[in-house]
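Residue numbers (my numbering): 23 to 204.
Note that the Cβ used here is the ideal one computed from N, Cα and C, for glycine as well.
Bear in mind the structure is a predicted one, so any value in this text is a computation, not a measurement.
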């Protein structure tokens, strides 16, 4: 029961609605509860990686233009060296931007998403234990900024939401057929 909820409803929602990148397969952590690892992508990372790749293309064009044979002009050798210097500079900056984008992407905040099926019985102690274990697994994997989300297939009671707020867990549940943050 839990596996079908994670595979059919929880993971696609994470991709399409929440905009997070899932890493790995869901793992069962309790009866009718699966845990999914994910990362919240940073917008700057995508821009830096794209800018780095575009800059590498521009550097290649500048270097190819600088490699043309010299014309009979008096300032032709100087023009070729300026093109080469510009190409190397653009290429170096582009590689640095791409590397910075990859570093930002890898250091993005991690998530432990608990996908609870309708049959999951999350009492006070079980929810606290699941959240504590998820945070412990995140810190063991060098993700100190780890967050815990709970996506429930069944509506959450006000007591359960209050307990989740006390444990710093973001809760998502179905409201009128759509999974939204509650």
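Legend entry - Cα-Cα separation, residue 60 to residue 87: Roughly 44 Å between the two C-alpha positions.
Inset, instruction - Assign residue 149 to one of two classes, buried (16 or more other C-beta atoms within 10 Å of its C-beta) or exposed (fewer than that). - result: Flag for residue 149 reads buried.
Legend entry - When 104, 103 and 182 are compared against residue 146, the one with the closest alpha-carbon: Nearest of 104, 103 and 182 to residue 146, Cα basis: 182.
Legend entry - Rounded straight-line distance, which links the Cα of residue 111 to that of residue 85: Each residue's Cα considered, the two are about 10 Å apart.
Inset, instruction - Could you tell me if residue 125 is buried or exposed, where buried requires 16 or more neighbouring beta carbons within 10 angstroms of its beta carbon? - result: Exposed, by the Cβ-count rule.
Inset, instruction - Answer yes or no: do residue 31 and residue 63 have a C-beta to C-beta separation smaller than 7 Å? - result: Not a contact, by the Cβ cut-off of 7 Å.
Legend entry - Counted within 10 angstroms of its Cβ, other Cβ atoms place residue 65 as buried (16 or more) or exposed: With fewer than 16 other CB atoms across the displayed protein chains lying within 10 angstroms of its CB, residue 65 is exposed.
Inset, instruction - Below 6 Å CB to CB, which residues in the same chain sit around residue 38 once its five sequence neighbours on both sides are set aside? - result: If we look at residue 38 and ignore the five residues flanking it on each side, it has no Cβ neighbours.
Legend entry - residue 33, DSSP secondary structure in three states: In the three-state DSSP reduction, residue 33 falls in the helix class (H, G or I).
Inset, instruction - Look at the Cβ atom of residue 109, then the Cβ atom of residue 76, and state whether they are nearer than 7 Å. - result: Note that the C-beta distance between residue 109 and residue 76 is not below 7 Å.
Legend entry - Runs of alpha helix (DSSP H) wholly within the region 39 to 123 (minimum 4 residues, chain order): Listed in chain order, they are 65 to 88.
Inset, instruction - Could you round the C-beta distance between residue 173 and residue 137 to whole angstroms and report it? I think they count as a contact, below 8 Å. - result: Yes, they are in contact, since the Cβ atoms of residue 173 and residue 137 sit about 5 Å apart, within 8 Å.
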